[in-house]
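According to our numbering, the sequence shown holds residues 156 to 480 in order. For glycine and all other residues, C-beta sits at the position ideal for the given N, C-alpha and C.
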Amino acid sequence: MVALLGAPLCAQTAAAPASAGREYDHSAASTRKAVDDVMWFQMLGGVADIDIVKYTGLPPARIANPTGQGAGNPVIITAYTFLPKKMDRTKKHPFLVFSHGGVHANFNTGSAHIVRELLEQGYAVIAPDYRGSTGYGRGYYELIDYGGREVDDVYRARQWMLETYPFLDATRVGLIGWSHGGLITLMNLFEHGEEFAVGYAGVPVSDLVARMGYKSDSYRRQFSASYHIGKSAEDNVAEYLRRSPVEHAAKLRTPLLIHTNTIDEDVNVLEVRRLISALKAEGKQFEYKIYEAAPGGHSFNRIDTPLARESRKEIYAFLAKYLKP
Numbered sequence: 156m157v158a159l160l161g162a163p164l165c166a167q168t169a170a171a172p173a174s175a176g177r178e179y180d181h182s183a184a185s186t187r188k189a190v191d192d193v194m195w196f197q198m199l200g201g202v203a204d205i206d207i208v209k210y211t212g213l214p215p216a217r218i219a220n221p222t223g224q225g226a227g228n229p230v231i232i233t234a235y236t237f238l239p240k241k242m243d244r245t246k247k248h249p250f251l252v253f254s255h256g257g258v259h260a261n262f263n264t265g266s267a268h269i270v271r272e273l274l275e276q277g278y279a280v281i282a283p284d285y286r287g288s289t290g291y292g293r294g295y296y297e298l299i300d301y302g303g304r305e306v307d308d309v310y311r312a313r314q315w316m317l318e319t320y321p322f323l324d325a326t327r328v329g330l331i332g333w334s335h336g337g338l339i340t341l342m343n344l345f346e347h348g349e350e351f352a353v354g355y356a357g358v359p360v361s362d363l364v365a366r367m368g369y370k371s372d373s374y375r376r377q378f379s380a381s382y383h384i385g386k387s388a389e390d391n392v393a394e395y396l397r398r399s400p401v402e403h404a405a406k407l408r409t410p411l412l413i414h415t416n417t418i419d420e421d422v423n424v425l426e427v428r429r430l431i432s433a434l435k436a437e438g439k440q441f442e443y444k445i446y447e448a449a450p451g452g453h454s455f456n457r458i459d460t461p462l463a464r465e466s467r468k469e470i471y472a473f474l475a476k477y478l479k480p
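Right, dumping it as structure tokens:
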């Protein structure tokens, strides 16, 4: 399906980069995270059984002291789980893995209305704070592996749910994410397509080389930091491409819906157009919509407007076609 929609749409504010030429305040971020953790239970505790769980991922991509005690240990990932209170646990049910955005951010109650909508449809949800997320201190923040091991952190959320809850159906697992979360969604579909029934990528970061070309110096410096990719795109084009969905389009084998917006102030539409073109060139079957000047920019279909709600209904209809909640 190909569509260029003219006019209104909606949005929700995406997380701004945590570091843009200034020292990041990890103490304040930890306080905000603690408050947010309480708010989840207040906002959704009436409709969901909520838990904050921990599981292990791959070791860090970079180990500063390889001979130190505990060097190379698996990274411990925190995730949020939501199970509808009305879910009949004698039957099998689908669930969704929800990847938050970034560069550095975390899963927070700004997404509570979307989680509520998913719960109301009968989905269980797991949302991991993969390595590099904020609110867990400097050490965790600097474990970031953008387009790398963070993808595996999210994949392992799927595994954890299936190992923990026998009433969840391994054949009906979906992935959703916006922005950086859209990139993680795409990369998981490309690498583990047979283990997901469907995916949705909203305004996804799609081409890191193109992205570095139109972003500010302070934004680019985040990626060239010693604890991050460590080099600029100019110095290592191949590494930036390796971490870009556009480079892996040939691997798609899972139903996929993509949304983008021509006035996105964060992920320029050119990135997503390049992804769409790459998927078409590989002869892949997928669906997408390019919204024309949709109000809300990067967050157009995550806010609380009629257009945003209509767009999310389309997302949910697409997911339901394959997950059958």
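Task: Contact belief for Pro400 with Leu341 at Cβ below 8 Å, rounded distance in angstroms - done: 4 Å
TODO: Report yes if the C-beta distance between Ile384 and Tyr301 is below 8 Å; otherwise report no.
DONE: yes
Task: Sequence-distant residues of its chain with Cβ nearer than 8 Å to Leu407 (five each side left out) - done: Leu344, Phe345, Gly348, Leu434, Glu437, Lys439 and Phe441
Task: Identity of the residue in Ala216, Leu238, Val230 and His259 nearest Ala184 by Cα - done: His259
Task: beta strand (DSSP E) runs contained entirely in the region 370-425, provided each spans 3 or more residues - done: 411-416
TODO: Along the alpha helix (DSSP H) that carries Glu442, what are the first and last residues, could you check?
DONE: Where Glu442 is concerned, there is no enclosing alpha helix (DSSP H), although the beta strand (DSSP E) it sits in stretches over Glu442 to Glu447.
Task: Presumed contact (8 Å Cβ cut-off) between Pro239 and Ala279, rounded CB distance - done: 7 Å
Open item on the list: Check this for me: beta carbons of Gly212 and Arg304, under 8 Å apart or not?
Closed with: yes
Open item on the list: So, with DSSP's three-state summary, where would you put Leu481?
Closed with: The structure shown does not extend to residue 481, since the chain is modelled only from 156 through 480, so no value can be given for it.
TODO: Tell me, please, which residues DSSP counts as bridged to Thr186.
DONE: In the DSSP output, where bridge partners are listed per residue, Thr186 has none listed.
Open item on the list: Taking a contact to mean a Cβ-Cβ separation below 8 Å, would you say Ala356 touches Leu396 in this structure?
Closed with: no
Open item on the list: Here's the rule I'm using: 16 or more other beta-carbon atoms within 10 Å means buried, otherwise exposed. How should Ile339 be labelled?
Closed with: buried
Open item on the list: Measuring only the C-alpha atoms, how far is Leu317 from Ala405?
Closed with: 28 Å
- [ ] May I ask you to list the residues that DSSP assigns as paired with Tyr210?
- [x] Ile232
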